[in-house]
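Asker: Number 197 in UniProt numbering belongs to position 197 of the sequence shown; there are no gaps in the numbering. My structure is below; once you've seen it, I'll send some questions.
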Amino acid sequence: MDFWSRLLASAGVPAGKSRKDAAKDPAKRLHRFEKEYGQLLHLWRVSGNLSIDEDAIEDVELRLQQLTETLSDETRRPLPHPCIQFAALKKIYVPIAKIASSSGHEWIVNETVLFFATLIESEEENFVENLDFSNSLTALLTRITKERNNGSRLSPETEERVVELAFNITTKLRLSPEILPAWFRGGMCEDQQQSTSQQLLQVNAQITPSPTGHTRNISSTSHTSTRQGVDAETSSGSGGSLGRFTGRTQKQDFPLFYILMDYIHHEGKIGDFARTGLLYIIEASANATTLEQWIVESDLSTLMATGLGAQYSQLSRKLVVDYVPDNLPPVLAFSDYQHPPRTYEIESSCSAQFQAHLDAFLSHLLFWQDVLNHCKSNEIKSTLLEHFQVIFLQQLLYPSLLESSDIDGGSSVAVLTYLRRILESLDHPDMINLILHYLLDLPGPSSPGDALEADKHVFPERRGRYGVIRFGPTTHY
């Protein structure tokens with residue numbers, strides 16, 4: 001009997017059933033989870049170069065997939081959840097993030113993103129409140145977006161999962177504002193912020209090691225926004241009184257914010273996730289004064305205004321109004337109407353390319369409106385409207401109206417068409433009022449900066465900053 005019992009126990013027929021039984025038993029499930037995790041670490045350590053070792057890449061992807069499936073299955077089972085507790089206690093997300101970053105392989109990145117998403121969706125062990133968890137995840141996402149900006153592109157499916165993961169975090173921030181300090185460090189005292197920055201740099205420095213001992217450090221200076229030259233000029237020209245204003249805040253204070261900013265111009269689900277996540281962060285600033293001031297001093301307004309200007313610049317300078325042959329207005333259909341000739345310089349209003357560019361511009365304009373509608377902070381609203389006026393109205397739209405001409409191949413037709421579509425698309429009173437007051441030179445406080453002169457409660461940086469972006473920095477001789 002003992003012989004037959006051992007023989008039947010070692011047979012492969014009931015293997016599937018034994019796995020199901022092991023999944024139901026918390027102790028067996030944990031043992032299997034620890035074994036998979038140990039094999040994953042072993043594969044990473046013995047691989048000479050995970051980025052080019054195809055066999056190791058496939059094995060690592062399989063182990064990550066098994067870990068994620070085990071966690072996902074456990075969340076649907078009754079308590080206890082030992083695998084999730086083990087993941088929190090041992091902080092297995094730290095080496096897993098390092099593995100994904102050191103490999104740079106899309107399969108591993110994809111599985112790692114799913115792994116982090118599973119931990120967040122479990123809503124156990126307070127992962128989103130854990131500083132080590134946020135450091136590991138933001139360092140990984142920053143690395144992914146940095147490589148994307150350097151020309152290393154992921155598939156749309158993987159990028160969508162990356163942005164969706166960032167969006168899910170902003171959803172948590174919106175529902176539970178108390179977890180904000182784990183992701184936003186702008187409100188810390190100097191000692192705390194220096195300590196946290198050192199921890200983040202350690203994660204960044206350790207996140208790319210290969211088992212051969214070579215390590216690439218991600219410099220903290222890459223997290224510093226240096227996009228606007230006027231910031232440096234203003235800082236030196238004002239004696240340092242405007243040391244922190246638009247574009248002067250540190251990216252490492254809130255990496256998640258800038259990760260979403262990199263994707264707000266995308267179409268489809270990627271852009272929707274990024275824009276909605278950014279709206280949730282702006283909403284959260286209503287209950288966090290430090291976050292509100294950080295957003296005011298960041299380059300959000302500058303990037304949004306320059307992005308809108310870039311979309312406007314893509315529109316054709318010369319345009320003729322035309323209609324699709326199957327959709328002519330009755331007054332033209334029963335007449336001897338002839339379609340205007342199309343040339344290389346003059347674009348038709350019914351062409352697919354023109355409609356695509358116009359839709360992209362109007363979509364970005366409506367995002368501006370959504371931000372203003374969801375924002376409860378008057379400071380952020382005023383900052384956005386300042387940049388909308390100075391960068392878009394004053395430097396792009398108004399000059400294009402002045403330079404348009406009826407005899408210049410339809411340039412006036414193009415500009416007036418764009419202005420009409422802008423006014424038809426907007427319904428936010430502040431934006432419409434600002435456009436009409438500025439373009440028509442109507443009496444009243446046409447600029448947000450004029451209204452700020454009488455406001456004694458605004459941030460001093462904003463009062464000085466508006467003078468800079470409107471009149472330019474002061475030069476001392």
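Every residue gets a Cβ at the ideal spot worked out from N, C-alpha and C, and that includes glycine.
Quick check on this structure: which residue in S316, P429 and H437 has the alpha carbon closest to the alpha carbon of Y398?
Answerer: Along the sequence shown, read from residue 1 onward, the residue named residue 398 stands at position 398. Ranking S316, P429 and H437 by Cα distance to Y398 puts H437 first.
Asker: DSSP on S335, reduced to helix/strand/coil?
Answerer: Mapped onto the sequence shown, residue 335 falls at position 335. Here S335 sits in coil by DSSP.
Asker: Hey, would you say I259 sits closer than 9 Å to I380, going by beta carbons?
Answerer: The count along the sequence shown starts at 1 and reaches residue 259 at position 259. The count along the sequence shown starts at 1 and reaches residue 380 at position 380. No, the pair does not count as a contact, with Cβ atoms beyond the cut-off.
Asker: Closest to A27 by CA distance: which of I84, D53 and A56 is it?
Answerer: Residue mapping note: residue 27 aligns to position 27 of the sequence shown, counting from 1. Among I84, D53 and A56, the Cα nearest to that of A27 belongs to I84.
Asker: Does the stretch 284-294 come close enough to the stretch 326-336 that 3 or more CB-CB pairs lie under 8 Å?
Answerer: Touching, no, given that fewer than three Cβ pairs across the two stretches are closer than 8 Å.
Asker: With burial defined as no fewer than 16 other Cβ atoms inside 10 Å of the residue's Cβ, what is the status of P325: buried or exposed?
Answerer: Residue 325 sits at position 325 when you count from the first residue of the sequence shown. Counting Cβ neighbours within 10 Å, P325 comes out exposed, since fewer than 16 surround it.
Asker: Between which two residues does the alpha helix (DSSP H) holding G307 run?
Answerer: Locating residue 307 in the sequence shown gives position 307, where the first residue counts as 1. L300 to S313 is the span of the alpha helix (DSSP H), which, as asked, contains G307.
Asker: Nearest-angstrom Cα distance between Y418 and E164?
Answerer: As a first step, residue 418 must be located in the sequence shown, where it is residue number 418. As a first step, residue 164 must be located in the sequence shown, where it is residue number 164. Between Y418 and E164, the C-alpha separation is close to 33 Å.
Asker: Would you kindly report the start and end of the unbroken alpha helix (DSSP H) that includes V60?
Answerer: On the sequence shown, residue 60 is found 60 positions in, with the first residue counted as 1. Start and end: E54 to T75.
Asker: Starting from E292, trace the alpha helix (DSSP H) in both directions and tell me its first and last residue.
Answerer: The residue labelled residue 292 in the question sits at position 292 within the sequence shown. First-last of the alpha helix (DSSP H) with E292: T289 to E297.
Asker: Note down the Cα distance separating G180 from N126, rounded to an integer number of angstroms.
Answerer: For this step, residue 180 is matched to residue 180 along the sequence shown. For this step, residue 126 is matched to residue 126 along the sequence shown. First, the amino acid is wrong: residue 180 is Leu here, not Gly. If I take the Cα positions, the gap works out to 13 Å.
Asker: Exposed or buried, D359, counting other C-beta atoms within 10 Å across all chains shown (16 or more means buried)?
Answerer: Within the sequence shown, residue 359 is the residue found at index 359, counting from 1. By the 10 Å Cβ count, D359 comes out exposed.
Asker: So is the beta-carbon of L114 under 8 Å away from any non-hydrogen atom of the ligand GDP?
Answerer: You won't find the ligand GDP in this model; it holds no ligand whatsoever.
Asker: Taking DSSP as the reference, what is the three-state secondary structure of L43?
Answerer: Taking the sequence shown and counting its residues from 1, one reaches residue 43 at position 43. Three-state result, L43: helix.
Asker: Could you give the first and the last residue of the continuous alpha helix (DSSP H) run that contains Y93?
Answerer: For the purposes of this step, residue 93 is taken as the residue at position 93 of the sequence shown. Counting along the chain, the alpha helix (DSSP H) containing Y93 begins and ends at Y93 to S103.
Asker: Can you tell me which of the three DSSP states P347 falls into?
Answerer: In the sequence shown, counting from the first residue as 1, residue 347 sits at position 347. The sequence shown places Glu at residue 347, not Pro. E347 falls in the strand class under three-state DSSP.
Asker: Count the CB pairs spanning the stretch 313-327 and the stretch 338-346 that are closer than 8 Å, and state whether there are at least three.
Answerer: Taking 8 Å as the limit for Cβ pairs, the verdict is that the stretch 338-346 does touch the stretch 313-327.
Asker: Any contact of the stretch 56-69 with the stretch 100-114, i.e. 3+ C-beta pairs under 8 Å?
Answerer: The stretch 56-69 is in contact with the stretch 100-114.
Asker: Could you tell me the distance, in whole angstroms, from the CA atom of E74 to the CA atom of L41?
Answerer: For the purposes of this step, residue 74 is taken as the residue at position 74 of the sequence shown. For the purposes of this step, residue 41 is taken as the residue at position 41 of the sequence shown. Distance between the alpha carbons of E74 and L41 is about 22 Å.
Asker: Using the beta-carbon count (16 or more within 10 Å), is D55 buried or exposed?
Answerer: What you label residue 55 is simply residue 55 of the sequence shown in a count that begins at 1. By the neighbour-count rule (16 or more Cβ atoms within 10 Å), D55 is not buried but exposed.
Asker: Could you say which of H364, S136, G38 and S404 lies nearest to S425 if we only look at CA atoms?
Answerer: Here residue 425 is taken as the residue at index 425 of the sequence shown, counted from 1. S425 has its Cα closest to that of H364, out of H364, S136, G38 and S404.
Asker: If you run the structure through DSSP and keep just helix, strand and coil, what is V324?
Answerer: Reading the sequence shown from its first residue, position 324 is the one you call residue 324. Residue state, collapsed to three classes: coil.
Asker: Who pairs with L319 in a beta bridge, going by DSSP?
Answerer: Looking up residue 319 in the sequence shown gives position 319. Bridge partners of L319: E347.
Asker: Hey, out of D430, L401, H357 and S405, whose CA is closest to L384's CA?
Answerer: Mapped onto the sequence shown, residue 384 falls at position 384. Among D430, L401, H357 and S405, the Cα nearest to that of L384 belongs to D430.
Asker: Hey, quick one: how far does the alpha helix (DSSP H) through L89 stretch, first residue to last?
Answerer: As a working mapping, residue 89 is identified with position 89 in the sequence shown. Unbroken alpha helix (DSSP H) run through L89: P82 to K90.
Asker: Just to check my reading of the structure: L137 and A97 have Cβ atoms closer than 8 Å, yes? What is that Cβ distance to the nearest angstrom?
Answerer: Your numbering for residue 137 matches position 137 in the sequence shown. Your numbering for residue 97 matches position 97 in the sequence shown. Indeed they touch by this definition, with Cβ atoms about 7 Å apart.
Asker: With the cut-off set at 9 Å, would you say T145 and D262 are in Cβ contact?
Answerer: Reading the sequence shown from its first residue, position 145 is the one you call residue 145. Reading the sequence shown from its first residue, position 262 is the one you call residue 262. Yes; because the gap between Cβ atoms is below 9 Å, this pair is in contact.
Asker: Identify whether I264 lies in helix, strand or coil by the three-state DSSP scheme.
Answerer: Mapped onto the sequence shown, residue 264 falls at position 264. It is coil, neither helix nor strand.
Asker: Could you please give the first and the last residue of the uninterrupted alpha helix (DSSP H) stretch that includes R153?
Answerer: In the sequence shown, counting from the first residue as 1, residue 153 sits at position 153. Taken as a continuous stretch (DSSP letters only), R153 belongs to no alpha helix (DSSP H), as it is neither H nor E.
Asker: Over the uninterrupted alpha helix (DSSP H) stretch that includes D430, give me the two end residues.
Answerer: As a working note, residue 430 is residue 430 in the sequence shown. Looking at the DSSP string, the run of the alpha helix (DSSP H) that includes D430 is P429 to L440.
Asker: Can you tell me whether G48 is buried or exposed, with buried defined as 16 or more other CB within 10 angstroms of its CB?
Answerer: Position 48 of the sequence shown, counting from 1, holds the residue named residue 48. G48 is exposed by the Cβ-count criterion.
Asker: Grouping DSSP H, G and I as helix and E and B as strand, with all else coil, what is G38?
Answerer: For this step, residue 38 is matched to residue 38 along the sequence shown. Looking at G38 - three-state DSSP - the assignment turns out to be helix.
Asker: R420 lies in the alpha helix (DSSP H); which residues open and close that run?
Answerer: Position 420 of the sequence shown holds residue 420. That run of the alpha helix (DSSP H) goes S411 to S425.
Asker: For S176, tell me which candidate among A284, A117 and E61 has the shortest Cα-Cα distance.
Answerer: What you label residue 176 is simply residue 176 of the sequence shown in a count that begins at 1. That would be A284, whose Cα lies nearest to the Cα of S176.
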